Amino acid sequence: MKLLVAVCAVLSLATALPQRRASLKPEQQIADDQQTAEQNYQNYQPQQQDYRPQQQEYRQAKPIDDFRPKVQLETTTFIPIIRFDKEQGTDGSYKTAYETGNNILAEESGYLKPVDDSHDALVQSGSYSYTAPDGQVITVEYTADELGFRVKGDHIPTPPPVSPEIQKGLDLIYAGIKANQERAAIEVKNNPEAARDLEEKAALDYKGHYYQQ
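Using mature numbering (1 follows the signal peptide of the UniProt record, and there is no 0), the letters of the sequence shown correspond one by one to residues -16 to -1, 1 to 197.
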């Protein structure tokens, strides 16, 4: 048995020895391989990358058109009321006055005036003044009654005076109108049917129609 083990060991050693010798290279071959490796290392040049940063071009953005309506805020200056007075009578009369911080003065009075048996007319009169942009003080006086509204002031243009000839003609026209009104009033009083005729003529006049005299 021992002999068999020894024989197997010798055979294994004999088989492995040629393989080891075959794997080993001669010294000259090793030197050639080393020289070739050194030459390859010296001839190797790494490829250089040409990196150039890309230049970015900046352009100013075009402004966006704003089509929204432009709103302009208006400011006003507060004007205080310095004085305000008012008196009210039981008969319909009154009186009022006020003054503001920008030199505006105003006053007014009024009362009821009997016109006829059916109604009364309110008579108002007063004045107001203020400072114009050029510094001039403007004063206005006015009266309002059954005859209309009348105003006067130094700054208001006045018509040229009427010549005596024109005034005489106007007086004659006014006298004729007044005489016709008085004659119509007497006729209406004495003839009730004439009153209806006058009312119909007045209605036609109001509508712009012609009628036979």
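Glycine included, C-beta positions come from ideal geometry on N, C-alpha and C. Please read these numbers as outputs of a predicted model, since none were measured by experiment.
Touch test, the segment 105 to 123 against the segment 85 to 97, Cβ-Cβ under 8 Å, three pairs minimum:
yes
Once the 5 residues before and after residue 178 are set aside, which same chain residues still bring their CB inside 7 Å of it?
171 and 172
Are the segment 118 to 125 and the segment 95 to 108 touching by the rule of at least three beta carbon pairs closer than 8 Å?
no
Inter-residue Cα distance where the pair is residue 48 and residue 135:
58 Å
Which residue from 186, 82 and 109 puts its Cα closest to that of residue 258?
Missing from the structure shown is residue 258; the chain here goes from -16 to 197 and no further.
Can you tell me which of the three DSSP states residue 148 falls into?
helix
Distance, Cα to Cα, residue 149 vs residue 132?
27 Å
Please tell me whether residue 96 and residue 73 are closer than 7 Å, where the distance is taken between their beta carbons.
no
Can you list the beta strand (DSSP E) stretches of 3 or more residues lying completely in the segment 64 to 99, in chain order?
65 to 72, 78 to 84 and 89 to 98
If residue 70 and residue 80 are in contact, beta carbons under 8 Å, what's the gap, nearest whole angstrom?
4 Å
Might you give, ordered along the chain, the residues of its own chain that have their beta carbon closer than 6 Å to the beta carbon of residue 128, omitting 5 neighbours on each side?
108
Residues near residue 68 in its chain [Cβ-Cβ closer than 6 Å; skip 5 each side]
82
Nearest to residue 99 by CA position, among 158, 126, 56 and 130, is which residue?
130
Determine the direct distance from the alpha carbon of residue 55 to that of residue 66, and round the result to whole angstroms.
34 Å
Rounded to a whole number of angstroms, what is the C-alpha to C-alpha distance between residue 174 and residue 158?
25 Å
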